[in-house]
Amino acid sequence: MRKEIAAKTGLKEGEKLSECLNALIASDFVVKYVPFGKSKREVYYKLVDPFCLFYLHFVDNRDSLSVDFWKQNTSSQNVISWRGLAFENVCFEHIKQIKEALGIRAVKTSESALIKG
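Count along the sequence shown from 1, then add 685; that gives the number in our numbering.
This is the structure:
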């Protein structure tokens, strides 16, 4: 949500924050959506750039990664969670193709992530 983004970045809610978010959306780093079951005023922003997600999940705040990190951690909860998030992002990026494959291309749909709480 905008308030959380403003708080974490130190930007005030207003034109500058809107400019930054719109630039990220236009560059396909971020998507803007309304979660299922929420009102249209409750807009969320989701980071979807694969490299940024990977970097933040596995590289940021680490001095280094072991050369054998992937071999040693293929069944770790951290990597399993990452796979799930990566799959969700692939689905979001290919909604048209998924609808086509399911034979529901002409059905009007609204896509969003399910936010608990």
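Each residue gets a CB set at the ideal place from its N, CA and C atoms; glycine is no exception.
These numbers were taken from a predicted model, which means no experiment stands behind them.
Whole-angstrom distance between residue j and residue i, CA atom to CA atom
{"i": "D713", "j": "K731", "result": "10 angstroms"}
{"i": "K756", "j": "R747", "result": "18 angstroms"}
{"i": "D753", "j": "C776", "result": "29 angstroms"}
{"i": "A708", "j": "K725", "result": "21 angstroms"}
{"i": "H779", "j": "E796", "result": "11 angstroms"}
Beta-carbon proximity check, residue i vs residue j, cutoff 8 angstroms
{"i": "L706", "j": "V716", "result": "no"}
{"i": "P735", "j": "Y729", "result": "no"}
{"i": "K784", "j": "T794", "result": "yes"}
DSSP-derived helix/strand/coil call for residue i
{"i": "V716", "result": "strand"}
{"i": "L696", "result": "coil"}
{"i": "L709", "result": "helix"}
{"i": "L702", "result": "helix"}
Where residue i falls, given that 16 or more other Cβ within 10 Å makes a residue buried
{"i": "L787", "result": "exposed"}
{"i": "I750", "result": "For the sequence presented, residue 750 should be read as Leu rather than Ile. It counts as exposed."}
For the stretch 758 to 788, which segments carrying the alpha helix (DSSP H) assignment without a break, of at least 4 residues, lie completely within its bounds, in sequence order? Taken in chain order, the complete alpha helix (DSSP H) segments of 4 residues or longer contained in the stretch 758 to 788 are 762 to 778, 780 to 787.
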